[in-house]
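The next block holds one structure in the form of structure tokens; read it before the comments.
2 protein chains.
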Amino acid sequence: MVVKVHGPTFTAATRRVLACLIEKGIDYEIVPLDLLNRAHKDPEYLKLQPFGVVPVIEDGDFTLYESRAILRYYAEKYKSEGTELLGKTVEERGVVEQWLEVEGQNYHPPIDTLIVHLKVFPKMGVPADMKLVEESEEKLAKVLDIYEERLSKSKYLAGDFFSLADLSHLPATEYLVNDIGKDYMIRDRKHVSAWWDDISSRPSWKKVLQL
Amino acid sequence: MVVKVHGPTFTAATRRVLACLIEKGIDYEIVPLDLLNRAHKDPEYLKLQPFGVVPVIEDGDFTLYESRAILRYYAEKYKSEGTELLGKTVEERGVVEQWLEVEGQNYHPPIDTLIVHLKVFPKMGVPADMKLVEESEEKLAKVLDIYEERLSKSKYLAGDFFSLADLSHLPATEYLVNDIGKDYMIRDRKHVSAWWDDISSRPSWKKVLQL
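Protein chains in written order, with our numbering: chain A, 34 to 244; chain B, 34 to 244.
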């Protein structure tokens, strides 16, 4: 069964899902969605994803949205195929879940604000709120200091194995490093920098960036 | 092994964890934390929870934070004990995960803003930002309209079974209904209202409120 992924390949949430499908060796088909023409607010799309955001997957007659829920679903469904992404024990999975939550609650939001104000708004001719930009960078710096400490003790976030916790950080960090000139936030932290080099050089991520 | 739960019993995240432990019949011990005296920023506490928020659990020498990660850990570790909270199939769990993410990303944040501005700030003598209150209520109303549609088709969020997805909504909804006078947001929606009556009358939740 080929998994249909509805969503444009440049959004963080869609890229997160694609990276997971590639790591697991699952066949997928991208169903492009024209966000500029508000295709994500179309009644047909809202039947699949009532909140009107991307992505949503269709796998036969099973549909699922929320990118991090989709990651967990495929990592569990195909546990023994491709890269093991949830750890080997229930405790390892617990720690994977902890860092997945940290990514969703603490890491992604300030980067999202930076992207909106430093990349999206300029394209639309809307002035950035530089006070908010500064506050978001301060928040993110504190989070990254905790990551630096963590990654000085284990190679990956959840332990000495690559997992969904790391994978989920790929899209936002890619924007931070390569799109809005904030690469110093990663590069100024030795262990975070080495971790980023490691996870961003995975073939799955390189493939996502080519899509 | 008795699970130590560090955190005051009035916070949403701690209550979420306690409700889960009670549903699973797991013995716990609450380690109170004096937030007013900034015990959550104490170096000893930061060793357990580097972000300085509550709760964190200690289970023997295993520690874990992020309330929704703790829910998943115990629901999986004790899958066959107490209430089944993750569904029976990998698809059911996928849908549980979807609604857990919706709760964390779409439902909790606007309620959190309402609580801060309508309950916490008044106690501190800080004026509420009424424009932000209004925006948060609008956001939440849209989310609740989607819940109303969903709950017209299934008894609980993830299907016809109570799960972590429902449980995770208990703390914020309790505040909304009983602490800041916004009960009409639940009561004006027939299926959301019936769902709230159902889940909030569970013995586990009544016990949490007595702690």
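Beta carbons: idealized from backbone N, C-alpha and C, even for Gly.
Could you tell me which of the options sits nearest to residue i, measuring between CA atoms?
i, options, result
"L118(B)", "P88(B), D193(B) and A46(B)", "D193(B)"
"N139(A)", "K57(A), H224(A), D178(A) and L184(A)", "D178(A)"
"Y106(B)", "L197(B), R235(B), A227(B) and S234(B)", "L197(B)"
"R222(B)", "V149(B), Q243(B), A46(B) and S185(B)", "S185(B)"
"A174(B)", "F154(B), L151(B), M157(B) and D216(B)", "D216(B)"
"D231(A)", "F195(A), V129(A) and V153(A)", "F195(A)"
"Y78(A)", "M163(A), V38(A) and A227(A)", "V38(A)"
Is residue i close to chain B? Criterion is C-beta to C-beta, closer than 9 Å.
i, result
"P83(A)", "yes"
"A102(A)", "yes"
"R235(A)", "no"
"G58(A)", "no"
"K110(A)", "yes"
"E134(A)", "yes"
"E77(A)", "no"
"Y217(A)", "no"
Does chain A have any CB closer than 9 Å to the CB of residue i?
i, result
"G115(B)", "no"
"L97(B)", "yes"
"V50(B)", "no"
"I144(B)", "no"
"Y189(B)", "no"
"V176(B)", "yes"
"Q19(B)", "Lying before the first or after the last residue shown, residue 19(B) is absent from chain B, which here runs from 34 to 244."
"Y106(B)", "yes"
Where does residue i land, buried or exposed, given buried means 16+ other C-beta within 10 angstroms?
i, result
"P88(A)", "buried"
"R245(B)", "No answer is possible for residue 245(B): the residues shown for chain B start at 34 and end at 244."
"K74(B)", "exposed"
"Y208(A)", "buried"
"G120(B)", "buried"
"R101(B)", "buried"
So, for residue i: in the same chain, excluding its five sequence neighbours on each side, which residues have a beta-carbon less than 7 Å away from its beta-carbon?
i, result
"A52(A)", "L200, L203, S237, W238 and V241"
"D92(A)", "M34 and V36"
Could you check the C-alpha separation between residue i and residue j for me, to the nearest Å?
i, j, result
"G127(B)", "Y111(A)", "13 Å"
"L190(B)", "W132(B)", "7 Å"
"H224(A)", "E181(A)", "6 Å"
"D145(B)", "T146(A)", "19 Å"
"V64(B)", "L66(A)", "49 Å"
"L54(A)", "T96(A)", "15 Å"
Ordered along the chain, which non-local residues of its own chain (more than five positions away) have a Cβ less than 8 Å from that of residue i?
i, result
"W229(A)", "T206, V210 and I219"
"F84(B)", "Y98"
"V166(B)", "T146, L147, H150 and L151"
Only counting the same chain, and skipping five residues up and downstream in sequence, which positions put a Cβ closer than 6 Å to that of residue i?
i, result
"P143(A)", "S169, K172 and L173"
"G40(B)", "T47, L66, V87 and P88"
"E56(A)", "G115, T116 and S237"
"K152(A)", "D212 and I213"
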